[in-house]
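If you read the sequence shown in our numbering, its first letter stands for residue 109, the second for the next number, and so on.
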Amino acid sequence: MVKSSKGSRLSHVAAGALAAAIGAHGAAFAQTSESEEVVVTALKRETTLIETPAAITAISGDELAARQITSIESLAAAAPNLVVGQASGVSWVSVRGIGIGSTSGGIEGSVALHLDGAYLAQAASLDALMFDVSSVEVLRGPQGTLYGRNATGGTVNFISNRPTQETDIRVAALTGAFERTRLEGVVSGGVSENVALRAAVMWERQDEGYGENVYLRQTFGNREAHGGRLSGRFDLTDTLRVDASVFRFWDWTDGIQLTRLNPFNATARANNPIFNTAAPRPSDPRDINAESQADAERVLEGGNITVNWDFTPNLALRSITSYTRVDYSNLGADGDGTELPMVHSDRIEDTAAWQQEFNLIFRAFDSRLEGLVGVYYNDERLSLEGHNRWLAANPQGFVNVAGQVVPAGTDVVGFLQQDTTSSAVFADVTFALTDNWSIYAGARQSRDERAIVQTTGLAGLPGNVGLAACNARRFANDWDSTTGKIGVAFTGSLGNLYLQWAEGFKAGGFNAYNCGDAYEPEEVISVEAGYKVQAFGDRLRFAASVFHYDYTNLQVSQIVNLQQRIENAAAATITGAEFETFLRASDLFSVDLNIALLDATYDRYTDLDPLRPALGFQSLAGNRLNRAPEYTVNLGLTFSAPISDGRLTLRGEVFHSDDVYFRQFNQPQDKQDAYTTYNLFATWDTGGPVSIRAFGRNITDEDILLGVFSAGTIFDRWAIYAPPRTWGVELRAEF
109 MVKSSKGSRL SHVAAGALAA AIGAHGAAFA QTSESEEVVV TALKRETTLI ETPAAITAIS
169 GDELAARQIT SIESLAAAAP NLVVGQASGV SWVSVRGIGI GSTSGGIEGS VALHLDGAYL
229 AQAASLDALM FDVSSVEVLR GPQGTLYGRN ATGGTVNFIS NRPTQETDIR VAALTGAFER
289 TRLEGVVSGG VSENVALRAA VMWERQDEGY GENVYLRQTF GNREAHGGRL SGRFDLTDTL
349 RVDASVFRFW DWTDGIQLTR LNPFNATARA NNPIFNTAAP RPSDPRDINA ESQADAERVL
409 EGGNITVNWD FTPNLALRSI TSYTRVDYSN LGADGDGTEL PMVHSDRIED TAAWQQEFNL
469 IFRAFDSRLE GLVGVYYNDE RLSLEGHNRW LAANPQGFVN VAGQVVPAGT DVVGFLQQDT
529 TSSAVFADVT FALTDNWSIY AGARQSRDER AIVQTTGLAG LPGNVGLAAC NARRFANDWD
589 STTGKIGVAF TGSLGNLYLQ WAEGFKAGGF NAYNCGDAYE PEEVISVEAG YKVQAFGDRL
649 RFAASVFHYD YTNLQVSQIV NLQQRIENAA AATITGAEFE TFLRASDLFS VDLNIALLDA
709 TYDRYTDLDP LRPALGFQSL AGNRLNRAPE YTVNLGLTFS APISDGRLTL RGEVFHSDDV
769 YFRQFNQPQD KQDAYTTYNL FATWDTGGPV SIRAFGRNIT DEDILLGVFS AGTIFDRWAI
829 YAPPRTWGVE LRAEF
């Protein structure tokens with residue numbers, strides 16, 4: 109958003125803070141000659157990016173398009189200490205080493221996701237959030253006051269483009285590797301002086317997968333998606349504005365295939381001789397041998413109404429009302445890593461949530477005091493059905509890694525109905541002591557309530573006797589929490605400094621496939637210091653932060669026998685630093701560099717490795733946290749020059765990551781070794797309505813693990829890989 113130096117009404121400032129178009133490597137810190145400045149959403153009120161006392165990376169919609177960041181996985185290199193992956197077809201996000209390895213079965217992430225100010229609990233369709241956005245903001249560090257729920261790691265805000273009074277028509281067509289085609293269209297404009305509408309639609313199809321099912325002689329990773337968003341802006345009076353939107357996105361893929369990391373070991377073959385008849389593991393790590401391929405289908409739909417009402421130039425009310433529904437199914441997944449008909453898995457999840465938030469935004473004492481108070485309520489209902497069908501014809505049944513016999517014909521089932529409500533009151537204020545010094549503080553009082561009706565056990569046996577112990581059992585729990593933050597900030601000609609103390613809280617819950625198996629809330633206390641500067645006429649922008657976390661009851665996930673469960677680590681400590689730099693070396697060249705350093709370890713934690721049960725419970729103190737590389741570096745070089753009436757822009761990126769562990773046991777095969785990837789981008793703006801873009805991602809075709817999971821069914825590990833080398837060419841036109 110652009111704010112005039114002459115000032116503006118508070119509700120329009122607040123609305124703009126929820127719809128700002130900002131860019132991490134371009135206009136994020138820019139100021140025009142008319143003293144206009146860019147604002148961000150982090151404090152849910154007007155703040156500039158450089159003056160906001162928080163570690164924020166903001167990427168504009170234009171930059172997302174130029175760098176072909178159309179999936180949540182491709183967002184990871186854009187911000188320091190951000191790791192994104194996928195498990196069982198569901199995306200997950202980790203910030204500074206904090207994040208759950210999957211968000212399914214009622215399990216919620218530790219990084220809060222918001223679409224136009226509304227919280228999204230279930231992340232089964234994150235890629236849809238990347239479409240027609242004005243910006244994506246990654247806010248790092250515990251956000252226990254303003255955002256509260258499930259934000260111990262941070263928040264990611266997706267901000268969609270708003271309707272414009274000016275007519276705006278955009279179309280784009282892309283073709284690329286693996287027979288990929290993508291079409292987009294946007295129409296926006298005013299229908300009257302006070303009403304503007306925007307319609308955005310997309311369709312994408314990929315007819316060749318990233319991997320091959322050797323047994324079936326067909327690829328997997330094929331994908332189709334379509335969806336759209338209709339939004340309206342209604343200026344009812346000079347002081348009352350309503351923004352409303354509805355959306356629906358659908359996608360399908362057969363690419364949710366886990367691969368075996370290794371051939372079957374001797375123990376697996378001895379316990380289950382049927383493994384001796386299986387075809388060898390393919391030499392290409394992305395390939396599989398399976399007698400079936402999963403069909404995964406998802407629907408994300410909902411709506412949002414945001415009302416901004418100015419009472420006075422210094423007092424405004426904002427209301428955010430939203431409804432979101434996510435339907436997800438993953439059917440026919442192979443569970444044994446072979447072409448033999450042994451284990452098939454099905455999962456169906458339906459989630460519906462509505463929420464209401466009110467913010468009272470104020471300024472006082474000649475704007476020396478700024479802040480807001482708010483109330484929040486969320487009601488979410490989840491329905492889950494899961495099956496693991498054991499089809500093996502072993503005379504003795506299937507014997508897992510723990511020596512337990514699962515009879516042939518057994519269906520390991522899980523049915524869950526879960527109701528979750530969350531309510532909170534909160535406040536956040538900043539007071540300017542002088543022209544340079546300010547203090548800020550916030551507090552939040554929350555209550556989370558969760559109740560489940562659960563059925564789990566072994567079906568398919570005579571009389572379904574395995575279900576007797578947990579048939580329609582009801583469990584419930586609730587948690588009250590108070591979190592706060594306090595900090596001091598300095599703004600001067602040589603840069604801006606801040607130092608803050610903050611708390612975060614994430615409620616507990618129940619594991620879907622273990623009867624009454626509860627886990628505790630996690631809590632974090634953090635101390636952070638940061639420095640930001642903009643110099644040499646905006647040619648140099650630099651931001652740095654250092655931080656230390658103390659975690660209690662950190663929630664850790666692992667997949668055991670095809671089922672995910674959460675458990676608590678007693679304590680963990682995280683210390684790190686981040687550096688973001690942008691330098692415009694000349695009118696033609698610019699450089700951007702992100703560096704992240706992280707020391708994230710368990711202090712006290714004992715756990716049983718499902719792949720090595722004979723070792724019993726092990727002390728994991730000193731082990732590194734999952735998804736927490738010790739360092740990452742992202743370097744970008746951009747050349748942009750006028751050509752005739754247009755402009756040619758070339759960009760190269762290098763991303764390097766240290767080792768990443770995916771299991772808390774830190775075994776050598778639990779990790780992705782250090783790796784480096786290279787991306788290339790080219791854009792030719794013709795000077796007219798048409799532009800042409802080309803890109804290549806992972807151009808050296810590295811095999812990069814997105815996740816490694818325990819697999820007691822195969823006595824080893826499942827793995828899932830990031831996309832290989834991809835390329836594409838896109839034609840865009842704007843009128």
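Every residue gets a Cβ at the ideal spot worked out from N, C-alpha and C, and that includes glycine.
Everything numeric in this text was worked out from a predicted model, so none of it was measured.
Which of the three DSSP states is assigned to residue i in this structure?
i, result
"D824", "strand"
"Q512", "coil"
"F383", "helix"
"R692", "coil"
"V391", "Per the sequence presented here, residue 391 reads as Ser, with Val not at that position. S391: coil per DSSP, three-state reduction."
"S475", "coil"
"G131", "Caution applies to G131, whose pLDDT of 34 falls short of 50 and renders its modelled position unreliable; the value that the coordinates give is listed next. It is coil, neither helix nor strand."
"L839", "strand"
"D625", "coil"
Here's the rule I'm using: 16 or more other beta-carbon atoms within 10 Å means buried, otherwise exposed. How should residue i be labelled?
i, result
"F727", "For the record, residue 727 in the displayed sequence is Ser; it is not Phe. Exposed, since its Cβ has fewer than 16 Cβ neighbours within 10 Å."
"V191", "buried"
"E457", "buried"
"T160", "buried"
"E447", "buried"
"I594", "exposed"
"T714", "exposed"
"S601", "exposed"
"N384", "exposed"
"R649", "buried"
"E842", "exposed"
"Q512", "exposed"
"A722", "exposed"
"A387", "exposed"
Leaving aside the five residues before and after residue i along the sequence, list all residues of the same chain whose C-beta is less than 8 Å from its C-beta, in chain order.
i, result
"V299", "L305"
Please identify the residue among the options whose C-alpha is closest to the C-alpha of residue i.
i, options, result
"Y659", "I456, L723, A680", "A680"
"S179", "V509, E312, D715, Y710", "E312"
"L605", "G505, L157, L291, S453", "L157"
"E292", "G252, R248, R337", "R337"
"G760", "F773, L468, A685, S698", "S698"
"A643", "A693, V632, T683, E628", "A693"
"R394", "N384, T367, I177", "T367"
"A186", "G445, N544, L701", "L701"
"T528", "A551, T538, N486, L172", "N486"
"I413", "G284, R712, A307, G225", "G225"
"I428", "Q463, G443, A220, Q251", "Q463"
"E688", "A580, A163, G411", "A163"
"D466", "V483, T459, M450", "A quick correction: the sequence has Phe, not Asp, at residue 466. The residue with the shortest Cα to Cα distance from F466 is V483."
"E493", "E301, T289, E216, T459", "T459"
"F506", "T375, T564, L696", "T375"
"E630", "A651, G603, L662", "L662"
"T794", "I812, R755, N321", "R755"
Tell me, which residues are paired with residue i by DSSP?
i, result
"R581", "Q562"
"R686", "The residue asked about is misnamed: residue 686 is Glu in this sequence, not Arg. The partner list for E686 (beta bridge, DSSP) reads S653, A704."
"G796", "Note: G796 sits in no beta bridge, so no partner."
"I158", "DSSP, once it has assigned bridges, lists no residue as partnering I158."
"D847", "Because the chain is modelled from 109 through 843, residue 847 falls outside the range shown and cannot be assessed."
"Q775", "Answer is none; Q775 lacks a bridge partner."
"K640", "N604, A651"
"P250", "DSSP lists no partner for P250."
"T528", "E488, R558"
"V856", "Only positions 109 to 843 of the chain appear in this structure, which leaves residue 856 out of reach."
"S243", "S168, I267"
"L425", "W417, L468"
In its own chain, which residues sit with a C-beta less than 6 Å from the C-beta of residue i, not counting the 5 before and 5 after it?
i, result
"T275", "G297"
"A685", "V654, L705"
"Q176", "F803"
"G60", "Residue 60 lies beyond the residue range present for the chain, which begins at 109 and ends at 843; the question has no answer from this structure."
"N269", "D240, S242"
Is there at least one non-hydrogen atom of the ligand PLP closer than 6 Å to the beta-carbon of residue i?
i, result
"R805", "With respect to the ligand PLP, the structure offers nothing, as it holds no ligand at all."
Quick one: what's got a C-beta closer than 7 Å to residue i's C-beta in the same chain, skipping five residues either side?
i, result
"S765", "P737, T740, A782, Y783"
"T538", "E478, G479, S546, Y548"
"E287", "Q314, D315, E316"
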